[in-house]
Every structure is written in C-alpha cells, then in structure tokens.
Amino acid sequence: MIPQHHYVSCVGCGTRVHAYDYATFSCPNRDDLPEANHILQKKHMITAALWQRSELEDSKNPFVRYRHRLLGYHRTLNARHSDVDYLERIAQLDGALKAIDGRTFSETPMSIERELADAINLAPTQNLYVKDETNNVAGSHKARHLFGILLNLAPESLKKPFAIASCGNAALAAAVVAKAAGAKLEVYIPTDAEPSVVEKLKSLGANLHICERVDGQLGDPCYLQSLEAVKNGAIPFTCQGPDNGLSIEGGSTLAYEIFDWWKANKYDCHHMFVQVGGGALASSSAQALADVMRYDPLNNLPRFHTVQTRGAFPLARAYDRVVKLIDARLKGLPLPDLKPMTDDMEPALRAEMHSVAAVQERLTMADCIRSAWDSTEVQSVIRIAANRKNIFMWPWESTPHSVAHGILDDETYDWFAILCTMLRTGGIPLVADEEHLVRAHELAHNYTAIRPSATGSAGLAGVMLMKEANAIPDYENIQIYFTGIER
Ligand SMILES: [Zn+2]
0 MIPQHHYVSC VGCGTRVHAY DYATFSCPNR DDLPEANHIL QKKHMITAAL WQRSELEDSK
60 NPFVRYRHRL LGYHRTLNAR HSDVDYLERI AQLDGALKAI DGRTFSETPM SIERELADAI
120 NLAPTQNLYV KDETNNVAGS HKARHLFGIL LNLAPESLKK PFAIASCGNA ALAAAVVAKA
180 AGAKLEVYIP TDAEPSVVEK LKSLGANLHI CERVDGQLGD PCYLQSLEAV KNGAIPFTCQ
240 GPDNGLSIEG GSTLAYEIFD WWKANKYDCH HMFVQVGGGA LASSSAQALA DVMRYDPLNN
300 LPRFHTVQTR GAFPLARAYD RVVKLIDARL KGLPLPDLKP MTDDMEPALR AEMHSVAAVQ
360 ERLTMADCIR SAWDSTEVQS VIRIAANRKN IFMWPWESTP HSVAHGILDD ETYDWFAILC
420 TMLRTGGIPL VADEEHLVRA HELAHNYTAI RPSATGSAGL AGVMLMKEAN AIPDYENIQI
480 YFTGIER
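Residues 0 to 486 (numbering that gives the first Met the number 0) make up the sequence shown, in order.
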C-alpha cells in the first residue's frame, strides 16, 4: 500500500490529487486557472529501498524490473492485488503485444558508436553513447509512455474509448497498446498524415478522425478535437503530460536503463541530448534524472540539452524568455515586461540567437544559472514560469516544416520539467537547421547499424552544433537517443 504522504500534485497550482484517484489524469483547476502550468506529477512515490529493488530483478522487461518505482504497480497493490497478480497481468499483455506487433517490452540496446563519433570529429578519448529505441514496441519509445498509462487504469476504464491526437509513432504505439488491452482507440490525425501510417492504424482497428486546420484557429486541430473527446468521457491515451500526467513514468524507464548501463560499466556522462516535440521523452528523462540523483546519485550530473528544429522551437523561445528574467534578477534590475503569447523577436532572428556562434555564450549563462539555481533570484523566476505559462509557452504561430517532422509540435506540452532540468544542470536548448538534421540522419545510417528516422536522429544534430562551437571538451562523454524507426 502507498503510504499516506504519497500523492500526485500539480506543478503549476499545487493542487494535490490522491494517489488512488484513478479517474483524474489532468489538473482539476486547468479550466479555472488557464494561465498556470498545470501538469500532474507524482511526488515522493518511492524510497531508496524501493528504488534499489530493481537490482534484485533478472527480468529485462522494464515494467517488471522497475515496477517498485511505478505508480501503476502501487495502484495494483492498493486494489488488493498481489505482486504475482501484477506480474501475471504483464505476462498476459506481453503475449497480446507479441501477437499484434511481434515484440514486447524489453531493455533496449545501448552502444558506444565509435565510427559515428569519429565522423562528427569527437576526440578518441570521448564516448558517444546511443540508446537505440527503434526496435521498441510499435517502432518507437512512445509505446512505453502509453503502456505506463495503461497500468495505471482501473479495469472499468478499459471499457471507455481511448483518445489520442497524433500523425505518427504515438498513434501507432497507442493502437498497438490499446489493442493488446482490448480497448477501443479514437485517433485524431491531420489531413496530411502519411498514407502508410493511416493504413497501419486501420489494420490495428483504430477509429480515425481526420482534422482540418481552420483559419485563425491557434493550435493543432487534432489536439483540440482529442480534448473534446476527453471532455466527453474518453481516456486521454496520450504522451502529452498536461493531458495525462501518468504518461511520464513509463517513459522514465528508458532513462532508468541508461543510468543502470552507465553504472554497470562505470561510465561517466557529461552531456545528454534529447530531441523535443511535445516533450514527453525529454520530460520523462528529466524526471528520471531527478529520481536517480535523489536515490542513487550518478558520479557526474550531465548537462541536459534539448534539440528542436528551426521550423518550430517553442521550448527554446520559452527558455530564452525565462533566462531573460533570471538575468535581470541576478543583476538586481527590474523584471522586463514580457507580453503573454507575443514574441518581441522574429522567429528567424531568434533562431540566429541559437546558432553555433552563440553556443559558448549560452553555456556561460547556463553555468551562471546552474550555480545560482537554489537562490531566491532564480527560484522566484521559476515560480513565475510555473504560474504564468502563457508568458513563456504558447502554440507556434506558423505551420512548421522540417525533415524532422515528428518534432514539429505547435507547443512543447511538457516544457516546465524540461526547462527546470536544463537550468539546474547547465544545459541549453539547441535549434538545428535542416542541413544539420539531414546530415545527422545520413551519418546515423552510414556509421551505425541503427535505422532511425530524421526525427529519431535529431539529437545528433544538436551534438554536431555543440561540437562545431568547440563547446564539448575532449574528455567529456555524450548520450543521445535514436528514436523512431525509418518507415
Ligand atoms: Zn494545476
């Protein structure tokens, strides 16, 4: 049973939700206080003793190995089921996943990619660690997020429709996981969704809704329609944290595997790069990093960097605006007056501020914020970011395009946890141009045996930008994810 001090709470408004409240996925104050940054996060769920239980597990299934860290597991126990019942359920779902997708959840490979490291001019003394997510269930990391949600649901929830807005890997993952659970899935897709993905979704039994953009409407029409479905009783079966805070813990198991691998091999890591669209992978990794530092600290806390495209970089824009406020506070100046949902800079000019030439200066500022992280000056701005979301994060105004089309989300839904992790670790947001994204994709295919999409290799483009800026010393090691297989 979960002790009473365990709960789920909202990052933005502080509202607490009971850990056994199976029907609440997003903050109940979301509509009443739209300006706050509402994301439910589990708090104090585990202890160091529960954390270490994974060391006793032989299973390669992350939902078995790390189960003592998962709310879904503790909810199972709370419903008067046993550990054996939980394992039996995983085994049943495993069987269904194998029948549907030919594979089930298992630890995904980590490798040191020497040839790729040489190709981007890293020093021989430097390691480039790659987490290969391309062979995960449904071909990407998305299924882990969604399976984590599934394990948190009460049995009666399986009778309700599940809803997701996605045009790619998340929808495919949702379709596979929902089918394994015997649930009905409603998928909200754009008019230009890839025909091969549409066919696959149909073959998995998903019910498709094609959503057109409406002139003057801000935000992704698929997302807006999926929210309507949830209001009408559907389960938000999504990787977007504000709509379902439970999507984060399944994704965190990927980072748990990375940390275990570093530790088992006695490797240090100095930089972690994560490609960001909606932000679930980065948010999961960020929260896993906070977990490991609390319960079993790494020798070295890596800088946590993010990578977006020049097509849309709402997270980098939010970071810039937060840093502008922090800079003023640290200098003892009045806070600049930032207008909600209005950038004072053209996107092209802001992208230039994230070019190779600016990286060194950004890292210097990031170092300054990292060392002042606990100060009143920095923390007071963090509270503003939590409470006044629309000053920092709002949907991208123009329709974005990039070869890395899987990370073109209008909004970084899980931006707050990612932002805080960048700031407290001295990481920065990278904004990659198309040339680097295309090159990263080519190099991944030419110098490794992994076959990621251009979206899936976007993190490498960030490494290349930082290396070109001479901002990675020769003794520092780097972690990236290759997510999303080329289809
Ligand atoms: Zn809230």
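Ideal Cβ positions, reconstructed from N, Cα and C, are used throughout, including at glycine. None of these values were measured; they are calculated from a predicted model.
Taking 8 Å as the cut-off, the Cβ atoms of residue 224 and residue 187 count as close.
Comparing C-alpha distances from residue 112 to each of 94, 215, 131 shows the shortest one belongs to 131.
When the alpha-carbon of residue 213 is set against those of 58, 78, 222, the nearest one is in 222. Taking the C-beta atoms as reference points, residue 208 is found nearer than 8 Å to residue 185.
In its chain, beyond the 5 residues on either side, 99, 203, 204 have a beta carbon closer than 7 Å to the beta carbon of residue 178. Sequence-distant partners of residue 399 (beyond 5 residues in either direction) whose C-beta falls short of 7 Å from its own C-beta, in its chain, are 310, 311, 407.
Rounded to whole angstroms, residue 120 and residue 274 show a C-alpha spacing of 21 Å. Within the stretch 3–84, the complete alpha helix (DSSP H) segments of 4 residues or longer fall at 47–51, 61–64, 70–77, listed in chain order. Taking all protein chains shown into account, residue 22 has fewer than 16 neighbouring C-beta atoms within 10 Å of its C-beta and is therefore exposed. Under the three-pair Cβ rule at 8 Å, the stretch 133–152 does not count as touching the stretch 260–275. Sequence-distant Cβ neighbours of residue 228 in its own chain, meaning closer than 8 Å and more than five residues away, are 160, 162, 185, 187. Considered as a whole, the stretch 89–144 harbours 113–118 as its complete alpha helix (DSSP H) runs of no fewer than 4 residues, in chain order. Between the alpha carbons of residue 237 and residue 249 lies a gap of roughly 12 Å. The beta carbons of residue 376 and residue 328 sit about 4 Å from each other, so the pair counts as a contact at 8 Å. In the structure shown, residue 334 adopts coil according to DSSP, grouped into three states. By the CB criterion at 8 Å, residue 428 and residue 305 fall inside the cutoff. In summary, residue 463 is buried, with 16 or more beta-carbon neighbours lying within 10 Å of its beta-carbon over all protein chains present.
Rounded to whole angstroms, the separation of the alpha carbons of residue 235 and residue 426 is 31 Å.
For residue 181, the CB contacts under 7 Å within the same chain, skipping 5 residues up- and downstream, are 157 in chain order.
461 is the residue among 461, 215, 49, 78 whose C-alpha sits nearest the C-alpha of residue 434.
Boundaries of the alpha helix (DSSP H) harbouring residue 375: 375–386, taken from the DSSP string. Residue environment analysis places residue 317 among the buried positions, since at least 16 neighbouring C-beta atoms fall within 10 angstroms of its C-beta. Our two residues, residue 403 and residue 168, have alpha carbons roughly 13 Å apart in a direct line.
In this structure, the alpha-carbon of residue 166 lies about 8 Å from that of residue 197. Relative to the Cα of residue 289, the nearest Cα in the group 170, 246, 42, 267 belongs to 42. Using a cutoff of 7 Å, the CB of residue 26 counts as near ligand 1, since one of the ligand's heavy atoms is closer than that. Relative to the Cα of residue 164, the nearest Cα in the group 471, 367, 189 belongs to 189.
Annotation for residue 15 indicates a beta carbon at 7 Å or more from all heavy atoms of ligand 1.
Taking the C-beta atoms as reference points, residue 280 is found nearer than 8 Å to residue 140. Inter-residue distance for residue 300 and residue 267 is about 9 Å (C-alpha atoms, whole angstroms). Counting C-beta atoms within 10 angstroms of its own C-beta, residue 103 has 16 or more neighbours from the protein chains shown and is therefore classed as buried. Per DSSP, residue 266 lies in no alpha helix (DSSP H) segment and is marked neither H nor E. Distance check between residue 257 and each of 125, 479, 19, 320 places 479 closest, using alpha-carbon atoms only.
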